[in-house]
Amino acid sequence: MAKVILLNGSPRKNSNTLLVLKECAKAIEAEGVETEIISLKDKNIQSCIACGTCTETGNCSLDDGLDEIIDKIREADGFIPAAPVYFGTARGDIMSALQRIGKVSRGGDKFLDWMVGGPITVARRGGQTLTLQEMTMFFPINGMIIPGSSYWNMVTAGPEGTALEDTEGIDTIRLFGTNVAKLIKKIKE
Ligand SMILES: Cc1cc2nc3c(=O)[nH]c(=O)nc-3n(C[C@H](O)[C@H](O)[C@H](O)COP(=O)(O)O)c2cc1C
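Number 22 in the working numbering belongs to position 22 of the sequence shown; there are no gaps in the numbering.
Take a look at the structure:
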């Protein structure tokens with residue numbers, strides 16, 4: 001069965017980003033595609049140290065739990081990272097994760113090639129489009145395919161647990177999830 005990994009880059013317990021990813025996952029599963037939401041919340045994700053080990057071993061040399069996530073993405077057909085906006089850009093650990101995931105893929109078995117997905121951002125007020133652009137850089141350089149939606153993949157929410165109040169944003173994310181699943185099914189036909 002096809003599967004999509006959704007990666008939550010928020011450290012908060014009642015995270016808006018998590019709420020958004022749950023809606024995205026529901027839309028994907030409604031198309032008969034399996035999902036798993038993974039959180040970076042209790043991890044201490046480090047940045048790539050450019051050691052080059054991954055080109056020889058196919059795994060990251062840093063021992064902070066990202067390798068287990070990489071192995072799950074390697075087995076999946078879709079990948080959707082989501083980040084809260086911090087000072088107009090993505091929270092740092094999700095970018096560290098993306099850079100290491102991309103490095104392991106590019107230097108080795110290129111597991112991201114033809115994988116379907118795209119970024120999602122959540123912010124109280126500003127910085128969404130720049131953050132989406134920042135995160136989008138990860139996809140084409142790794143041979144990935146980003147489907148569209150009715151708007152950009154952004155949801156407006158400030159206080160914890162309020163993300164569902166942005167109904168237009170949530171509808172955009174649901175349609176994005178549907179399109180991710182539909183495209184995966186087309187590719188696997
Ligand atoms: C350090 C920090 C910086 C933030 N910077 C921004 C920002 O630049 N723009 C914005 O709209 N919201 C900003 N926020 C608010 C969060 O993006 C917002 O509360 C979001 O809902 C958090 O998602 P989460 O609940 O999934 O963590 C910031 C929050 C923190 C803690």
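All C-beta atoms, glycine included, are put in the ideal place defined by N, C-alpha and C. On a predicted model such as this, the values are computed, not experimentally measured, just so you know.
Cutoff 7 Å; reference residue i; Cβ partners in own chain excluding five residues on either side
i	result
residue 44	64
residue 129	152
residue 12	160
residue 182	31
One or two residues paired with residue i in a DSSP bridge
i	result
residue 79	5 and 117
residue 156	123
residue 25	None; residue 25 has no bridge partner.
residue 246	This structure does not reach residue 246, given that the chain is present from 1 up to 189, and the question cannot be answered.
residue 145	116
Cβ distance (whole Å) where residue i is taken to contact residue j below 8 Å
i	j	result
residue 154	residue 121	5 Å
residue 84	residue 119	Wrong, their Cβ atoms sit about 12 Å apart, outside the cutoff.
residue 146	residue 117	7 Å
heavy atom of ligand 2 below 7 Å from residue i C-beta
i	result
residue 96	Among the ligands present in this structure, namely ligand 1, ligand 2 is not found.
Close Cβ partners of residue i (< 8 Å) along its chain, the five nearest in sequence each way excluded
i	result
residue 113	105, 142, 143 and 144
Practice prompt. For the region 22-36 and the region 132-140, state whether three or more C-beta atom pairs, one from each stretch, are separated by less than 8 Å.
Written response: Look at the beta carbons and you see the region 22-36 not touching the region 132-140: under three pairs across the two are nearer than 8 Å.
Worksheet entry | Any 3 or more C-beta pairs closer than 8 Å across the region 51-66 and the region 6-25 | As far as the Cβ criterion goes, the region 51-66 does not touch the region 6-25, which means the pair count is below three.
Worksheet item: Between the region 90-104 and the region 165-172, are three or more C-beta pairs nearer than 8 Å?
Response: They do not touch, by the three-pair rule.
Fill in: Contact set, ligand 1 heavy atom to C-beta under 6 Å
The chain-ordered list of residues whose CB is nearer than 6 Å to some heavy atom of ligand 1 reads 10, 12, 15, 16, 17, 84, 85, 86, 87, 88, 122, 123, 124, 125, 126, 127, 157, 158 and 160.
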